[in-house]
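Structure, as structure tokens:
Protein chains in written order, with my numbering: chain U, -5 to 197; chain V, 283 to 434.
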């Protein structure tokens, strides 16, 4: 179970309003800058699961995803003084992780142009896939629907789903789409998932 | 974004969180990586390579009352600092770049610090109440290099 889920369950159990990982991240970052050395751990706890999903959206296998995330954190330690707005620390980390993931994908393609590898990476790991296969619930139907849409849609949706305030300018550069088309593209991609769900439901 | 879109996006987020979660040890690995990187950043960038207190020749050189520390930075330059009572003097050597843009600080463990710029050939001198432990920080443009604490 992801840390993010565990934390939100804890908070719900305590009857506190649920705090998003992005809010936790900026709070921890501000505390860390003010001299609370331990607060950087809270920042890592809040943002690592988010970075995982962002990097996995680029089709990296689990080991490569881990490498990209580690490089993102090392870059953060080196460059955090350059983050002007502490509220933007989550966006900064996500952008940095996306850049790292895209660069890693380019290197990996040059190294081995095997299509199967990238296809394999978007599937859940063996245990989860098995769990999904024996279930016929909403989540497995949703997984099937997402798997049926094109790779570009899948990538866009997964990145956007884990962003607080999507930064369309940097997204447009990274995904090679005009800024104005990201909102409509997202809506179109969601419509594709919705219609795949409906087709699945009729079967 | 319309509400049904927001709701679907949230369902997708839950799905990925549930069915492709990060590996169990990922967060702990990243906490360790950040801690190690911070240590490199804060402590090891200015490395103490020689200390007069550990050398018998100090007296021969007539530096009986002074303590001399030599540090090197990962970027290739070095710092020589002499602490004599309240006087801290020294020189930055082998720096490619503008000496006037460099700031040297001495900090004591109780939180006080003293800073000065270098002159055009890299010398500095400042008055500081050094006692207990001190550490040096050199700022060259955007790069900050800090030594470990040294007992004086």
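Ideal placement from N, C-alpha and C gives every residue a C-beta, glycine not left out. Computed from a prediction, not measured in an experiment: that's the story for all the values here.
Mapping the DSSP letters down to three states, classify residue i as helix, strand or coil.
| i | result |
| --- | --- |
| residue 404 of chain V | coil |
| residue 426 of chain V | strand |
| residue 294 of chain V | helix |
| residue 90 of chain U | helix |
| residue 356 of chain V | coil |
| residue 287 of chain V | helix |
| residue 394 of chain V | coil |
| residue 144 of chain U | coil |
| residue 131 of chain U | coil |
| residue 17 of chain U | helix |
| residue 84 of chain U | helix |
| residue 77 of chain U | coil |
| residue 320 of chain V | helix |
| residue 307 of chain V | coil |
| residue 340 of chain V | The predicted position of residue 340 of chain V is uncertain, since its pLDDT is 49 and thus under 50; no value can be drawn from it. |
| residue 505 of chain V | No answer is possible for residue 505 of chain V: it lies beyond the span of chain V, which begins at 283 and ends at 434. |
| residue 70 of chain U | helix |
| residue 99 of chain U | helix |
| residue 110 of chain U | Since pLDDT at residue 110 of chain U reaches only 42, below the 50 mark, its modelled position is unreliable, and no value is offered. |
Kindly identify the DSSP beta-bridge partner or partners of residue i.
| i | result |
| --- | --- |
| residue 372 of chain V | V/363, V/406 |
| residue 432 of chain V | V/416 |
| residue 300 of chain V | Bridge partners of residue 300 of chain V: none, in fact. |
| residue 380 of chain V | Looking at the DSSP assignment, residue 380 of chain V forms no beta bridge with any residue, so it has no partner. |
| residue 399 of chain V | V/385 |
| residue 350 of chain V | V/364 |
| residue 328 of chain V | V/355, V/429 |
| residue 333 of chain V | V/351 |
| residue 421 of chain V | V/385, V/426 |
Report, in whole angstroms, the separation of the C-beta atoms of residue i and residue j, which I expect to be a contact under 8 Å.
| i | j | result |
| --- | --- | --- |
| residue 67 of chain U | residue 316 of chain V | 5 Å |
| residue 153 of chain U | residue 186 of chain U | With a Cβ gap of about 16 Å, residue 153 of chain U and residue 186 of chain U do not count as contacting. |
| residue 42 of chain U | residue 297 of chain V | The Cβ separation is near 19 Å, so there is no contact. |
| residue 437 of chain V | residue 361 of chain V | Because chain V is modelled from 283 through 434, residue 437 of chain V falls outside the range shown and cannot be assessed. |
| residue 166 of chain U | residue 172 of chain U | 6 Å |
| residue 46 of chain U | residue 33 of chain U | Residue 46 of chain U to residue 33 of chain U, Cβ: 21 Å. No contact. |
| residue 370 of chain V | residue 426 of chain V | Actually they are not in contact, since the Cβ atoms of residue 370 of chain V and residue 426 of chain V sit about 18 Å apart, beyond 8 Å. |
| residue 386 of chain V | residue 353 of chain V | Rounded, the Cβ-Cβ distance is 11 Å, inconsistent with contact. |
| residue 146 of chain U | residue 140 of chain U | The pair is not a contact, with the Cβ atoms about 13 Å apart (cut-off 8 Å). |
| residue 19 of chain U | residue 83 of chain U | 5 Å |
| residue 416 of chain V | residue 403 of chain V | Contact doesn't hold; Cβ gap of about 24 Å is too wide. |
| residue 235 of chain U | residue 62 of chain U | The structure shown has nothing for residue 235 of chain U, since chain U only spans -5 to 197. |
| residue 180 of chain U | residue 150 of chain U | 6 Å |
| residue 302 of chain V | residue 50 of chain U | 6 Å |
Should residue i be listed as close to the ligand ATP, given that the test is whether its C-beta is under 6 Å from any heavy atom?
| i | result |
| --- | --- |
| residue 139 of chain U | Absence of the ligand ATP from the depicted structure is noted, as is the absence of any ligand whatsoever, leaving it without description. |
Just list the alpha helix (DSSP H) runs in the stretch 21 to 65 of chain U, keeping only unbroken ones of 4 residues or longer that don't cross its boundaries, in chain order. 33 to 50
Which runs of the alpha helix (DSSP H) fall wholly inside the stretch 169 to 193 of chain U and span at least 4 residues, in chain order? none
Would you list, in chain order, the members of the stretch 51 to 66 of chain U that have their beta-carbon closer than 7 Å to a beta-carbon of chain V? 56, 60, 63, 64
Chain U contacts made by the stretch 289 to 302 of chain V, where a contact means CB separation under 9 Å: Within the stretch 289 to 302 of chain V, contact with chain U at the beta-carbon level (separation under 9 Å) is assigned to 290, 291, 292, 293, 294, 295, 296, 297, 298, 299, 300, 301, 302.
Compile a chain-ordered list of the residues in the stretch 358 to 386 of chain V whose CB is closer than 8 Å to at least one CB of chain U. Within the stretch 358 to 386 of chain V, no residue qualifies.
Can you give me, in chain order, the residues of the stretch 132 to 156 of chain U that have a beta carbon less than 9 Å from any beta carbon in chain V? Sequence-ordered contacts of the stretch 132 to 156 of chain U with chain V read 132, 133, 134, 136, 137, 140, 151, 152, 154, 155, 156 [C-beta pairs closer than 9 Å].
Short-range partners of chain V found in the stretch 171 to 185 of chain U, where Cβ spacing is below 7 Å: 181, 184
Near-chain V residues of the stretch 13 to 47 of chain U - C-beta to any C-beta below 7 Å: 34, 35, 38, 39, 42, 43, 46, 47
Under 9 Å (Cβ pairs) to chain V, residues found in the stretch 85 to 100 of chain U: none
Would you list, in chain order, the members of the stretch 301 to 316 of chain V that have their beta-carbon closer than 8 Å to a beta-carbon of chain U? 301, 302, 303, 304, 305, 308, 309, 311, 312, 313, 315, 316
If contact means a Cβ-Cβ distance below 9 Å, which residues of the stretch 70 to 83 of chain U contact chain V? So the list reads 70, 71, 72, 75, 76, given in the order they occur along the chain.
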